[in-house]
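Trainee: Here it is: the structure, laid out below.
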Amino acid sequence: MDEQKPPTERMADLPDETRAFLAQLQPGDIELLREGLGLLRSILTVGRFMRWLVITLAGLVIGSVMLWENIQKAGAWLKSMR
3 MDEQKPPTER MADLPDETRA FLAQLQPGDI ELLREGLGLL RSILTVGRFM
53 RWLVITLAGL VIGSVMLWEN IQKAGAWLKS MR
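In structure tokens:
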């Protein structure tokens, strides 16, 4: 969509379905859509955070198990050296 065109011409470039949707909106609906977009952005941000939190926790669990196994191996090796 060309931003240089006046709003009436930009509206004419929209698909019929989009124009029909926009035509039926009330002033309160537009504010509700803006709030909904903000809420959606927040949900997506929290979703990304939770994904990385789960990945980090899984890495910590796997890493701690591997570390514990190697500590046990080192302890057994040191016992065999005596």
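Quick note, in our numbering, the sequence shown goes up one by one and the last residue is 84. Positions of the beta carbon are idealized from the N, C-alpha and C atoms, including for glycine. None of these values were measured; they are calculated from a predicted model.
#1: May I ask which residues mark the beginning and end of the alpha helix (DSSP H) holding GLU33?
#2: Would you tell me roughly how many angstroms separate the C-alpha atoms of ILE57 and VAL63, rounded to the nearest one?
#3: Quick one: what does DSSP say GLU5 is sitting in, helix, strand or coil?
Mentor: According to the structure shown:
#1: 29-83
#2: 10 angstroms
#3: coil
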